[in-house]
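Structure first, then comments.
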Amino acid sequence: MSIRRYHYVPPRRWQTYLKACLEIVYPQYCPVCHHLLAPEMEGICPDCLLSLPLYHDKLLHAADRLEGGAFPFDELLAGYQFSRNNAVQEVVHSIKYQRNRALGITLGRVLAHRFALSPGRYDLLIPIATHPKREALRGYNQAEAIARGVSMASGIPVATETLIRNGRHSQTMLGREDRLRSMVGAFSLWHDVPAEGSRLLLVDDVLTTGATLVAAADTLALTAPESLTALVLAVDE
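Here it is as structure tokens:
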């Protein structure tokens with residue numbers, strides 16, 4: 006089974022030393038300010054992390070984008086506000102296109118602390134599945150990296166093989182209604198099917214129109230969950 010609890014283990018002295026040596030050859034830079042990161046920093050510098058614009062529901066009302074599916078979401082938990090050319094866009098692009106997996110894990114831990122997530126509230130974290138070819142190119146699934154960080158900080162287990170992506174379903178030039186139609190049948194249940202009555206936390210990187218999350222929720226509805234909550238790193242304006 007691929008349901009796992011991830012635990013944060015502080016690096017040992019030799020690991021910190023090894024990382025410092027590697028970064029002489031492969032230096033790591035903050036994706037926002039582009040300054041060199043110290044060995045103890047994971048993906049982003051503290052100043053830039055604290056400066057990221059937080060998501061506020063009163064401004065964007067993004068939960069409305071999750072309506073229209075077969076199974077209603079109980080809640081939307083969103084970390085940051087994504088807009089063109091802002092710091093959050095740089096962070097998301099670093100995770101998705103520059104193989105900055107450590108940053109996804111770090112921000113997952115931040116989200117878990119911000120929303121006080123715990124096994125008392127949720128039974129399972131389910132990352133949105135990406136197409137296998139795209140995951141192979143990136144080397145990982147960015148939603149799974151975020152979910153792993155959440156699990157480290159909260160103790161909620163991650164089910165990495167619950168959803169499987171059917172086809173590519175490119176949505177770049179589509180509006181919300183067209184995206185919703187294009188995403189019908191985009192996911193199927195795979196191996197780690199949640200038990201009936203589970204409290205599920207569905208994890209993704211960016212909420213845009215909501216079509217991807219709604220399609221995933223429609224598939225998870227087949228497992229008869231008790232509740233379904235969306236957790237996203239950022240919401241696009």
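So our numbering is basically just the index in the sequence shown, starting at one, shifted up by 5.
Every residue gets a Cβ at the ideal spot worked out from N, C-alpha and C, and that includes glycine.
Considering just the uninterrupted stretch of the beta strand (DSSP E) at Leu71, what are its terminal residues? Membership of Leu71 in any beta strand (DSSP E) is not indicated, and neither H nor E is assigned to it by DSSP.
Which partner residues of Glu80 appear in the DSSP bridge assignment? Partner(s): Thr234.
Beta-carbon contacts of Gln86 that lie in its chain and below 8 Å, excluding the five residues immediately before and after: These residues qualify, in order along the chain: Pro58, Leu59, Tyr60, His61, Leu64, Leu65, Val93, Ala239, Val240, Glu242.
Between the CA atoms of Ala148 and Leu206 - distance to the nearest angstrom: Taking the straight line from one Cα to the other gives about 12 Å.
What's the gap between the Cα of Ser232 and the Cα of Leu81? If I take the Cα positions, the gap works out to 12 Å.
Taking the alpha-carbon positions, what's the Arg104 to His39 distance? About 16 Å.
Given Leu76, which residues of its chain have a CB within under 8 Å of its CB, disregarding the five upstream and five downstream residues? One detail in the question is off: residue 76 reads as Phe in this sequence, not Leu. Counting only Cβ-Cβ distances below 8 Å, and skipping sequence neighbours, we find Ala222, Asp223, Leu225, Ala226, Pro230, Leu233.
Could you check which residue in Thr167, Glu140, Phe78 has the C-alpha nearest to that of Val219? The option with the nearest alpha carbon to Val219 is Phe78.
Taking only runs of the alpha helix (DSSP H) that begin and end inside the region 135-173, which ones reach a length of at least 4 residues, in chain order? Taking only runs of at least 4 residues, the alpha helix (DSSP H) segments lying wholly in the region 135-173 are 137-143, 147-159.
With distances taken from CA atoms, which of Asn90, Leu55, Asp69, Tyr102 is nearest Gly84? It is Leu55 whose Cα lies nearest to the Cα of Gly84.
With a CB to CB cut of under 6 Å and the five nearest residues on each side skipped, what residues in its chain are close to Gln33? Leu42, listed in sequence order.
Taking the continuous alpha helix (DSSP H) assigned at Leu112, which residues delimit it? Membership of Leu112 in the alpha helix (DSSP H) is indicated by the continuous run 106-119.
Return the chain-ordered list of same chain residues with a C-beta closer than 6 Å to the C-beta of Tyr145, the five sequence neighbours on each side being excluded. A distance below 6 Å between beta-carbons, with the five flanking residues on each side excluded, links Tyr145 to the following residues of its chain, in chain order: Arg106.
Give every residue of the same chain whose Cβ lies closer than 7 Å to the Cβ of Asp53, excluding the five residues on either side of it in the sequence, and list them in chain order. Just to set this straight, residue 53 is Cys in the shown sequence, not Asp. If we look at Cys53 and ignore the five residues flanking it on each side, its Cβ neighbours are Cys35, Val37, Cys38, Ala92.
Please name the residue or residues paired with Ile131 in a DSSP beta bridge. For Ile131, the beta-bridge partners assigned by DSSP are Leu207.
Given a cut-off of 7 Å, decide if Leu116 and Ile49 are closer than it, judged by their beta-carbon atoms. With a cutoff of 7 Å on beta-carbon distance, Ile49 and Leu116 are scored as not near each other.
Taking the beta carbon of Ser203 as the centre, do at least 16 other beta carbons fall within 10 Å, making it buried, or is it exposed? Flag for Ser203 reads buried.
How would you call Gly172, buried or exposed, if buried means at least 16 neighbouring beta carbons within 10 angstroms? So Gly172 ends up on the exposed side.
Hey, would you say Asp197 sits closer than 7 Å to Ala152, going by beta carbons? Taking C-beta atoms as the reference points, Asp197 and Ala152 fail to come closer than 7 Å.
Determine, using beta carbons only, whether Leu122 and Ser159 come nearer to each other than 7 Å. Judged by beta-carbon spacing, Ser159 lies within the 7 Å limit of Leu122, meaning their Cβ atoms are closer than that value.
Under 7 Å between the Cβ atoms of Leu168 and Ala200? No, the Cβ-Cβ distance between Leu168 and Ala200 is not below 7 Å.
Helix, strand or coil for Glu189 per DSSP? It is Val, not Glu, that sits at residue 189 in the sequence shown. Val189 falls in the coil class under three-state DSSP.
Within 10 Å of its beta-carbon, does Ser193 have 16 or more other beta-carbons around it, so buried, or fewer, so exposed? Answer is exposed; the Cβ neighbour count stays below 16.
Figure out for me which residue from Pro162, Glu47, Lys138 has the closest Cα to the Cα of Pro15. Distance from the Cα of Pro15 is smallest, within the candidate group Pro162, Glu47, Lys138, for Glu47.
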